[in-house]
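Each residue of the sequence shown is one higher than the one before, starting from 1 at the first, in full-length UniProt numbering. Using N, Cα and C, we set each Cβ at its ideal position, and we do this for glycine too.
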Amino acid sequence: MTSDEQGETLPVRRRVVLTGISSRAWEHPADRGALTALRELRGFDDVVKAFFGMWNERGFRLTYLASSIRVDHRQYPRVYTLYTEAAQALDLPELPDLFVRQSPRLGGMAIGLDKPFVVINSASVQHLDDEELRTLLGHELGHVRSGHAVYKTILMILTRWAANLSWLPVGAIALRAIIAAMLEWWRKAELSADRAGLLANQDPAAALRLLMKLAGGGDLSQIDTAAFLEQAADYDGGGDLRDSFHKIRMTAWSTHPVPVARAADLRHWVDSGDYARILGGDYPRRDDDRDASVSEEIKAAAASYREAFGRTQDPLVGLLRRLGDSASDLGDWAGTGAARARDWVANAADAAGRAARGRPDDPTTNGG
Numbered sequence: 001m002t003s004d005e006q007g008e009t010l011p012v013r014r015r016v017v018l019t020g021i022s023s024r025a026w027e028h029p030a031d032r033g034a035l036t037a038l039r040e041l042r043g044f045d046d047v048v049k050a051f052f053g054m055w056n057e058r059g060f061r062l063t064y065l066a067s068s069i070r071v072d073h074r075q076y077p078r079v080y081t082l083y084t085e086a087a088q089a090l091d092l093p094e095l096p097d098l099f100v101r102q103s104p105r106l107g108g109m110a111i112g113l114d115k116p117f118v119v120i121n122s123a124s125v126q127h128l129d130d131e132e133l134r135t136l137l138g139h140e141l142g143h144v145r146s147g148h149a150v151y152k153t154i155l156m157i158l159t160r161w162a163a164n165l166s167w168l169p170v171g172a173i174a175l176r177a178i179i180a181a182m183l184e185w186w187r188k189a190e191l192s193a194d195r196a197g198l199l200a201n202q203d204p205a206a207a208l209r210l211l212m213k214l215a216g217g218g219d220l221s222q223i224d225t226a227a228f229l230e231q232a233a234d235y236d237g238g239g240d241l242r243d244s245f246h247k248i249r250m251t252a253w254s255t256h257p258v259p260v261a262r263a264a265d266l267r268h269w270v271d272s273g274d275y276a277r278i279l280g281g282d283y284p285r286r287d288d289d290r291d292a293s294v295s296e297e298i299k300a301a302a303a304s305y306r307e308a309f310g311r312t313q314d315p316l317v318g319l320l321r322r323l324g325d326s327a328s329d330l331g332d333w334a335g336t337g338a339a340r341a342r343d344w345v346a347n348a349a350d351a352a353g354r355a356a357r358g359r360p361d362d363p364t365t366n367g368g
């Protein structure tokens, strides 16, 4: 039991512990397809870590150890309690280190290859209530549990390595295509983490409030949830073709979807019934992860894109629908991106392995 400001006793809301839950339960289909494909590359993580030895995770950890506050039961005990509660709901077998860094911006991040850790900004501690902060912490734990911290770092490093090929006649174009595909996956990974945050706190209203605060700051006294969701609808379908191209320009090179789009996607996920089914115990288990099928996940990713293209009111997509079955074709093209990414990463890993074996003792080796 807890007490409110008037001293009245309020019941503590009990969260469901999602025992043995696999990250596949909350991963967006496009994210899940790419991750399943990458996970099929047995030993790929070890090859890349060995080859890019100059990238030092320990340096990042020492930076935050030196300049931030490491959270535990003595330092930021409120944050630590919320963090352990979020981890318990998601049934994490191990609690990653958590740091609070000085920053006026709301947000956080997950970092690392060997031993990922979580960093949140001090503004999040100051401006988020318990439910919102637990959701944010669950979001970052979702990134860790899905392996986003590992694969994002690997893809960032491989992209920098691929930049050394940009002097080739088609190198720059190919590199931009790789980066664009990586960022599209990254944006879907953020949608996955939003779902993990909701499952960690199990309060859809708090999840929406968090996204509203990310959009407009920490004061919601003059903000309305229904109006914010109306904004999302206006962003999705308002205007004409010029607005569609502006949206492409705004998002193509961004790591995060815009807050209103994240709110709309999370609301759609709840309305679809998937959220309630998971809370009811109907979700994939970690013990079955090894049996996940790459081909089935890629099909699911394509179906997800087709469904999204069919649902959106965007003028450009509407034009493509009127011209024929282009939305379906776009869904198939986007969904098979996971397979293309897997092939490219496999080739990159093979080249990295050959280079590492050829020059194992050269500390300056960085793929050049």
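Between the segment 69-80 and the segment 187-206, the count of C-beta pairs closer than 8 Å stays below three; the two stretches do not touch. K115 counts as exposed, since fewer than 16 other C-beta atoms from the protein chains shown sit within 10 angstroms of its C-beta. For V144, the three-state secondary structure derived from DSSP is helix. Checking the DSSP bridge columns, you'll see F60 has no partner listed. R306 and Q102 have their alpha carbons spaced roughly 42 Å apart.
R13 is not bridged by DSSP to any residue. W186 sits close to T255, with the two beta carbons spaced by under 7 Å. Using a C-beta cut-off of 8 Å, the segment 131-138 makes contact with the segment 83-100, since at least three inter-stretch Cβ pairs fall below that distance.
A residue is called buried once 16 or more other Cβ atoms fall within 10 Å of its Cβ, and Q222, having fewer, is exposed. Between the C-alpha atoms of L113 and E57 there is a straight-line separation of about 7 Å. For I120, the secondary structure class from DSSP, reduced to helix, strand or coil, is strand.
Distances from the CA of L279 to each of M212, R209, D31 and A196 were compared; the closest alpha carbon is that of A196. Residues L198 and W269 of the same chain have their beta carbon placed closer than 7 Å to that of Y275, with the five preceding and five following residues left out of the count. R285 places its beta carbon less than 7 Å from that of G20.
Take A264, set aside five residues on each side of it, and the residues of its chain with a beta-carbon closer than 6 Å to its own are A232, in chain order. Contact between P96 and V144 holds: their C-beta atoms lie close to 5 Å from each other, under 8 Å. For A252, there is no enclosing beta strand (DSSP E), as DSSP marks it with neither H nor E. Collapsing the DSSP output to three states places V71 in coil. At a cut-off of 4 residues, the continuous stretches assigned as alpha helix (DSSP H) that sit fully inside the segment 240-282 are 241-251, 259-271 and 274-279. Distance check between V79 and each of S67, L90, E94 and G138 places G138 closest, using alpha-carbon atoms only. Residue pairing by DSSP places F99 opposite R70 and V119 in a beta bridge. With respect to the 7 Å criterion, M109 and V119 are classified as neighbours on the basis of their beta carbons. The Cβ-Cβ distance between D194 and R262 falls below 7 Å. For S22, same chain residues with a beta-carbon under 6 Å away, outside a window of 5 residues either side, are P284, R285, R286 and D289 in chain order. Straight-line spacing of the CA atoms in R311 and D236 works out to 10 Å.
A Cβ-Cβ contact shorter than 7 Å links A89 with A200. Contact check for L92 and L35: beta-carbon distance about 17 Å, past the 8 Å limit, so the pair fails to qualify. Apart from sequence neighbours up to five positions away, the residues of its chain that approach R105 with a beta-carbon distance below 7 Å are N121 and A123, ordered along the chain. For G216, the enclosing alpha helix (DSSP H) starts and ends at P204 to G216.
Remark: C-beta atoms of P257 and L211 do not approach each other more closely than 7 Å.
For R61, same chain residues with a beta-carbon under 7 Å away, outside a window of 5 residues either side, are F117 in chain order. Per DSSP, A110 is one residue of the beta strand (DSSP E) stretching across G108 to I111.
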